[in-house]
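J.:
Number of protein chains: 2
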Amino acid sequence: MKAYTSYTKEELTAELTALNNKYKEYQDQGLKFTMARGIPNVDQLAFSMPMMDILKEEDDYVSSDGVDARNYGDLMGIPEARKLFSEFLGIKPEETIVMGNASLNIMYDCMSRAMLKGVLGSEKPWCKYDKIKFICPVPGYDRHFTICEFLGIEMIPVKLTEWGPDMDAIEEIVKDECVKGIWCVPKYTNPYGGCYSDEAVRRLASMKTAANDFRIFWDNAYAHHYIYKDVNVLNILDECKKAGNPNRCYIFGSTSKVTFPGAGVAFFGASEENVEFMKKQLSVQSISWDKINMLRHVRFFKDMDGVKAQMDKHAAILRPKFDSVLNALDKELSGLDAGTWVKPDGGYFITYQTVNGCAKRVYALCKDCGLTMTDPGATHPYHNDPDDSYLRICPSYPSASELAKAIEIFILCVKIATVEKLLK
Amino acid sequence: MKAYTSYTKEELTAELTALNNKYKEYQDQGLKFTMARGIPNVDQLAFSMPMMDILKEEDDYVSSDGVDARNYGDLMGIPEARKLFSEFLGIKPEETIVMGNASLNIMYDCMSRAMLKGVLGSEKPWCKYDKIKFICPVPGYDRHFTICEFLGIEMIPVKLTEWGPDMDAIEEIVKDECVKGIWCVPKYTNPYGGCYSDEAVRRLASMKTAANDFRIFWDNAYAHHYIYKDVNVLNILDECKKAGNPNRCYIFGSTSKVTFPGAGVAFFGASEENVEFMKKQLSVQSISWDKINMLRHVRFFKDMDGVKAQMDKHAAILRPKFDSVLNALDKELSGLDAGTWVKPDGGYFITYQTVNGCAKRVYALCKDCGLTMTDPGATHPYHNDPDDSYLRICPSYPSASELAKAIEIFILCVKIATVEKLLK
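If you read the protein sequences in the order shown, they are chains A and B.
Number 396 in our numbering belongs to position 395 of the first sequence; there are no gaps in the numbering.
Number 239 in our numbering belongs to position 238 of the second sequence; there are no gaps in the numbering.
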């Protein structure tokens with residue numbers, strides 16, 4: 002394909018006219034699509050329906066330690082749930098707490114407790130510092146950034162590549178003792194889709210930090226969410242232990258994109274010492290979480306083979322959707338100098354990086370044509386993408402036919418914005 | 002009955018010998034009971050079992066606003082749940098947020114957010130004050146006090162009577178602008194069992210507070226949990242509105258003792274302005290709560306008549322248990338000058354007030370005889386009951402026969418401790 006950058010001004014003008022005509026045609030169709038959030042499709046929800054009537058008799062509600070799941074008790078989660086989800090995270094049951102319906106809530110809670118009380122080893126609550134800072138690999142997950150912004154934690158963006166964040170930059174930044182932690186989505190990163198390399202994981206676990214209560218917030222949201230390839234990311238807790246920093250990492254996970262978003266179970270993993278410390282804090286805010294839902298999940302999956310079988314089904318639904326987006330991008334935008342993207346191995350997103358200064362324009366064009374995309378800037382702290390370049394594509398929710406149309410519109414808008422930019 | 006206080010020393014000594022012999026007999030039986038926590042009995046849990054398979058087809062999972070309860074969405078709760086539980090609290094749906102599995106968690110969250118960010122109308126976050134204080138009517142609920150202690154909020158105890166807290170004292174205390182709020186269990190108070198009088202509610206709603214961001218934490222845990230009499234407690238939100246302080250109260254409730262403790266739904270009520278303010282904060286920590294469980298609850302109860310029918314069943318189970326405790330206390334301790342108690346109209350507790358200086362001894366005697374009671378001091382901030390007098394009796398969990406035996410032991414221990422005291 003001939004790159005737009007090699008077009009003459011006349012060619013660009015003619016192209017823009019043609020593109021705008023096509024755009025007008027789409028607009029006239031009054032379409033309404035969303036590729037804004039990483040939401041499972043209704044077909045994916047159906048996989049978990051057998052879970053809903055798996056508990057039948059009163060006896061089914063008794064957990065393996067004899068606790069009636071319908072009553073108070075087992076603050077750390079029922080033993081069989083701690084076992085299953087510790088395996089999910091690749092750690093030990095004693096290192097795992099199974100809690101409520103969403104890992105976002107656990108992450109917020111960990112951060113707010115750190116602010117109010119500090120973490121294990123803190124000299125004082127984080128809110129007692131004049132300023133504390135968190136490292137935020139970008140592009141990243143907007144809800145992580147919102148937590149920091151809400152709590153007044155200064156965010157330091159660091160570039161994320163296909164292989165993890167810029168470790169050289171991070172190793173410099175953590176020499177500042179105000180830097181208390183880093184947000185990581187290590188596997189099928191949100192929204193990049195890449196995976197942290199062994200080197201990145203090892204350097205995060207072993208780097209020398211000025212703050213001795215530094216925490217890696219390891220949001221392993223897509224731990225088993227392969228689409229094309231189940232990539233092996235090193236276990237952060239193992240690496241932290243090996244490096245002599247066993248308490249450095251907090252691991253988060255949930256079944257939101259395994260069973261039901263917001264109605265699954267969420268879990269936390271860390272060193273036993275961290276878990277014991279947290280147990281005392283959790284006992285202030287909770288008597289116990291929803292153990293009935295834990296039982297449903299454990300009885301449904303039985304073991305990690307059950308989870309993996311379910312993830313195969315999800316992959317089978319998501320793969321053709323990702324194929325459809327990636328093939329269209331390849332076919333329509335390859336070699337056009339209109340931006341770049343990376344084929345992810347799993348997760349829920351494709352990141353499209355426009356020519357600098359075009360992301361907002363693409364978003365606006367899409368919107369005016371009935372296609373809702375994630376807000377531009379959402380991938381960056383304070384909604385500030387200095388290059389105005391990152392856009393997140395979420396192919397999971399629309400049906401196949403909706404998605405095909407949506408991606409046509411997206412590509413058209415990318416082309417228009419790019420040509421407009423070159424004509425300026 | 003002849004009061005112990007009128008016994009001669011010889012009579013007391015003889016009585017103590019007789020009591021100790023009886024105690025030894027119980028001890029030899031190797032009994033093991035608990036009256037430590039307000040936990041529904043297994044028979045009560047059975048009432049809600051039909052709820053567990055009430056959602057059958059995929060269509061059953063769609064809420065009234067068309068949102069699939071199995072997916073993300075509806076941060077404030079599904080409309081039908083907001084409607085039902087607003088009626089539960091006696092307020093409007095727009096004044097109600099339906100959330101997770103436990104109101105304790107909501108209360109903790111409200112307090113921790115107030116510390117980190119302040120409430121609507123705060124000049125600054127509460128943690129930025131050198132000191133803030135909360136009023137704690139005593140006897141009260143230990144978990145309320147633990148939240149304050151954890152967050153470093155100084156607690157000011159105020160005496161609770163059968164008709165509510167000492168309002169004269171409270172109206173003085175709130176002249177201090179460091180006093181930011183009060184914990185209240187207005188109906189069938191934990192553990193007193195009394196109800197706030199109309200006067201108490203009106204004075205709380207209308208009193209002049211130095212802090213203009215004063216909050217009443219109104220834990221309406223037993224809103225419909227009558228045993229003998231459904232008492233009408235004035236609606237705090239109505240009274241706050243009438244008094245021109247619409248944003249003063251936060252109301253909390255849950256179905257923990259309606260359906261399943263820890264696996265029910267919990268809800269928050271406040272002025273629309275408070276609710277809007279809170280919505281923004283909640284969006285930082287959550288995408289949505291477990292809407293499937295909300296749907297189960299709404300479909301099961303249908304309306305407040307359904308809730309009330311269920312509460313009648315609970316009362317029918319609890320009444321003979323409370324009868325058994327109260328009759329035994331009346332029969333064995335009336336006129337003995339060995340302490341006092343009040344017959345509650347509802348709730349989960351009976352407060353036994355020993356002769357000063359005897360509560361810890363009674364607890365220890367019970368424990369050594371296999372009967373676990375709530376820790377003495379749990380009814381007071383910092384576990385400090387200056388009179389060493391308050392004990393909480395929780396009759397709900399044991400079976401009828403266990404309970405009969407447990408209360409025999411309790412009464413015996415009260416007698417021993419009282420006589421010992423008089424002999425000192």
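Note that CB positions come from ideal geometry on N, CA and C, so glycine has one too.
Can you list, in chain order, the residues of its chain with a C-beta nearer than 6 Å to that of Ser-64 (chain B)? Leave out the 5 residues immediately preceding and following it.
T.: Numbered from its first residue, the second sequence carries residue 64 (chain B) at position 63. For Ser-64 (chain B), where only same-chain residues beyond five positions count, the Cβ hits under 6 Å are Ala-70, Ile-79.
J.: Check each candidate in A:Ala-82, A:Asn-294, A:Ser-325 and name the one with the smallest Cα separation from Ser-49 (chain A).
T.: Sequence index remark: in the first sequence, residue 49 (chain A) carries index 48 (1-based). Among A:Ala-82, A:Asn-294, A:Ser-325, the Cα nearest to that of Ser-49 (chain A) belongs to A:Asn-294.
J.: Of all the CB atoms in chain B, is at least one closer than 8 Å to the CB of Phe-261 (chain A)?
T.: Walking along the first sequence from the start, residue 261 (chain A) turns up at place 260. Closer than 8 Å: yes.
J.: CB Phe-151 (chain B) to CB Val-285 (chain A), shorter than 8 Å?
T.: By 1-based counting over the second sequence, the position of residue 151 (chain B) is 150. By 1-based counting over the first sequence, the position of residue 285 (chain A) is 284. Yes, the pair counts as a contact, with Cβ atoms nearer than the cut-off.
J.: Taking 8 Å as the threshold (beta carbon to beta carbon), is Met-116 (chain A) in contact with chain B?
T.: Counted from its first residue, the first sequence places residue 116 (chain A) at position 115. Judged by the 8 Å Cβ criterion, Met-116 (chain A) is in contact with chain B.
J.: Please determine, among B:Val-415, B:Tyr-398, B:Arg-393, the residue with the shortest C-alpha to C-alpha distance to Tyr-142 (chain B).
T.: Residue numbering aside, residue 142 (chain B) sits at position 141 when the second sequence is read from its first letter. Among B:Val-415, B:Tyr-398, B:Arg-393, the Cα nearest to that of Tyr-142 (chain B) is on B:Arg-393.
J.: I need the straight-line Cα distance from Asp-376 (chain B) to Thr-256 (chain A), nearest angstrom please.
T.: Translated into positions along the second sequence, residue 376 (chain B) becomes position 375. Translated into positions along the first sequence, residue 256 (chain A) becomes position 255. Each residue's alpha carbon lies about 38 Å from the other.
J.: Does the distance from the C-beta atom of Ile-481 (chain B) to that of Ile-171 (chain B) stay below 8 Å?
T.: Outside the shown range of chain B (2 to 425) lies residue 481 (chain B), about which nothing can therefore be said.
J.: In three-state DSSP terms, what is Lys-93 (chain B)?
T.: Stepping through the second sequence from its first residue, residue 93 (chain B) is reached at position 92. The answer is coil: DSSP assigns Lys-93 (chain B) none of H, G, I, E or B.
J.: With DSSP as the reference, please indicate the residues paired to Ala-267 (chain B) in a beta bridge.
T.: By 1-based counting over the second sequence, the position of residue 267 (chain B) is 266. Beta-bridge pairing links Ala-267 (chain B) to B:Ser-255.
J.: In terms of residue numbering, what span does the alpha helix (DSSP H) encompassing Pro-321 (chain B) cover?
T.: The residue you call residue 321 (chain B) lines up with position 320 of the second sequence. Per DSSP, Pro-321 (chain B) belongs to the alpha helix (DSSP H) from 305–334.
J.: Terminal residues of the continuous alpha helix (DSSP H) containing Asp-169 (chain B)?
T.: On the second sequence, residue 169 (chain B) is found 168 positions in, with the first residue counted as 1. Note, Asp-169 (chain B): alpha helix (DSSP H), 168–174.
J.: Give the DSSP bridge partners of Cys-250 (chain B), in chain order.
T.: The residue labelled residue 250 (chain B) in the question sits at position 249 within the second sequence. B:Ile-217.
J.: Tell me, please, whether the CB atom of Asp-60 (chain A) is closer than 8 Å to any CB atom in chain B?
T.: Along the first sequence, read from residue 1 onward, the residue named residue 60 (chain A) stands at position 59. No, no contact with chain B.
J.: Just to confirm my understanding: we take Ile-55 (chain A), look at its own chain, exclude 5 residues before and 5 after, and list those with CB closer than 7 Å. What are they?
T.: Indexing the first sequence from 1 puts residue 55 (chain A) at position 54. Cβ neighbours of Ile-55 (chain A) beyond the five flanking positions: Arg-297, Arg-300, Phe-301.
J.: Using a Cβ cut-off of 7 Å, which residues of the segment 129–154 of chain B contact any Cβ in chain A, in chain order?
T.: Under the 7 Å Cβ criterion, the segment 129–154 of chain B contributes Thr-147, Ile-148, Phe-151, Leu-152.
J.: Mind checking which residues open and close the alpha helix (DSSP H) that includes Thr-14 (chain B)?
T.: Taking the second sequence and counting its residues from 1, one reaches residue 14 (chain B) at position 13. Where Thr-14 (chain B) is concerned, the enclosing alpha helix (DSSP H) stretches over 10–29.
J.: Compare the C-beta of Leu-404 (chain B) against all C-beta atoms of chain A and say whether one is closer than 8 Å.
T.: Here residue 404 (chain B) corresponds to residue number 403 of the second sequence, with the count starting at 1. No, Leu-404 (chain B) does not count as interfacial toward chain A.
J.: Can you give the Cα-Cα distance for Asp-214 (chain A) and Lys-57 (chain B), rounded to whole angstroms?
T.: In the first sequence, the residue the question calls residue 214 (chain A) occupies position 213. In the second sequence, the residue the question calls residue 57 (chain B) occupies position 56. So the alpha carbons of these two residues sit roughly 49 Å apart.
J.: What does the alpha-carbon distance come out to for the pair Gly-378 (chain A) and His-384 (chain A)?
T.: By one-based count along the first sequence, residue 378 (chain A) stands at place 377. By one-based count along the first sequence, residue 384 (chain A) stands at place 383. Distance between the alpha carbons of Gly-378 (chain A) and His-384 (chain A): 4 Å.
J.: Should Asn-72 (chain A) go down as buried or exposed, given a rule of 16 or more other Cβ atoms within 10 Å for buried?
T.: Residue numbering aside, residue 72 (chain A) sits at position 71 when the first sequence is read from its first letter. Buried is the call here.
J.: Could you tell me whether the Cβ atoms of Glu-277 (chain B) and Asn-248 (chain B) are closer together than 8 Å?
T.: Reading the second sequence from its first residue, position 276 is the one you call residue 277 (chain B). Reading the second sequence from its first residue, position 247 is the one you call residue 248 (chain B). Against a cut-off of 8 Å, the Cβ pair of Asn-248 (chain B) and Glu-277 (chain B) comes out as no contact.
J.: Please give me, in chain order, every unbroken run of the alpha helix (DSSP H) with length at least 4 that falls completely inside the segment 27–68 of chain A.
T.: For the segment 27–68 of chain A, whole alpha helix (DSSP H) runs of length 4 or above, ordered along the chain, are 43–47.
J.: Provide the residue(s) that pair with Glu-155 (chain B) in DSSP beta bridges, ordered along the chain.
T.: Translated into positions along the second sequence, residue 155 (chain B) becomes position 154. BP columns for Glu-155 (chain B) point to B:Lys-134.
J.: Hey, out of A:Glu-88, A:Thr-9, A:Ala-4, whose CA is closest to Lys-425 (chain A)'s CA?
T.: Within the first sequence, numbered from 1, the residue matching residue 425 (chain A) stands at position 424. When each option's Cα is compared against that of Lys-425 (chain A), the closest is A:Thr-9.
J.: Tell me whether the segment 35–50 of chain A and the segment 12–30 of chain B touch, counting them as touching only if at least three CB pairs, one residue from each stretch, are closer than 8 Å.
T.: No, because fewer than three Cβ pairs between the segment 35–50 of chain A and the segment 12–30 of chain B fall closer than 8 Å, the two stretches do not touch.
J.: Using a Cβ cut-off of 8 Å (strictly closer), state whether Ser-400 (chain A) contacts chain B.
T.: Here the question's residue 400 (chain A) lines up with position 399 in the first sequence. For Ser-400 (chain A), the answer is no, since every Cβ of chain B falls outside 8 Å of its Cβ.
J.: Exposed or buried, which one is Thr-190 (chain A) when buried takes at least 16 other CB atoms within 10 Å?
T.: Counted from its first residue, the first sequence places residue 190 (chain A) at position 189. Buried is the call here.
J.: Answer yes or no: does any C-beta atom of chain A fall closer than 8 Å to that of Asp-66 (chain B)?
T.: Residue 66 (chain B) sits at position 65 when you count from the first residue of the second sequence. Output row for Asp-66 (chain B): interface = no.
J.: Between which residues of its own chain and Asp-304 (chain B) is the CB-CB distance below 8 Å, once the five residues before and five after are set aside?
T.: As a working mapping, residue 304 (chain B) is identified with position 303 in the second sequence. Closer than 8 Å at the Cβ level, and outside the excluded window around Asp-304 (chain B), lie Leu-85, Glu-88.
J.: Whole-angstrom Cβ separation of Leu-105 (chain A) and Ser-287 (chain B), contact assumed at under 8 Å?
T.: Along the first sequence, one-based indexing puts residue 105 (chain A) at 104. Along the second sequence, one-based indexing puts residue 287 (chain B) at 286. Contact holds; Cβ gap of about 6 Å.
J.: Would you mind giving the Cβ-Cβ distance between Leu-46 (chain B) and Phe-350 (chain B), rounded to the nearest angstrom? I have them listed as a contact below 8 Å.
T.: Reading the second sequence from its first residue, position 45 is the one you call residue 46 (chain B). Reading the second sequence from its first residue, position 349 is the one you call residue 350 (chain B). Leu-46 (chain B) to Phe-350 (chain B), Cβ: 19 Å. No contact.
J.: Can you grab the Cα-Cα spacing for the pair Asn-246 (chain B) / Gly-101 (chain B), in whole Å?
T.: Taking the second sequence and counting its residues from 1, the one referred to as residue 246 (chain B) is at position 245. Taking the second sequence and counting its residues from 1, the one referred to as residue 101 (chain B) is at position 100. Whole-angstrom Cα-Cα distance: 28 Å.
J.: Ordered along the chain, which non-local residues of its own chain (more than five positions away) have a Cβ less than 8 Å from that of Val-180 (chain A)?
T.: Here residue 180 (chain A) corresponds to residue number 179 of the first sequence, with the count starting at 1. Ile-133, Lys-134, Phe-135, Ile-136, Ile-157, Ile-174, Thr-210, Ala-211, Ala-212, Phe-215, listed in sequence order.
J.: Under 8 Å Cβ to Cβ from Lys-242 (chain B), same chain only, skipping five residues before and after it: list those, please.
T.: Numbered from 1 along the second sequence, position 241 holds the residue referred to as residue 242 (chain B). Within the same chain, Lys-242 (chain B) has close Cβ partners Ser-272.
J.: Three or more beta-carbon pairs under 8 Å between the segment 340–360 of chain B and the segment 388–403 of chain B, yes or no?
T.: Yes, the segment 340–360 of chain B is in contact with the segment 388–403 of chain B.
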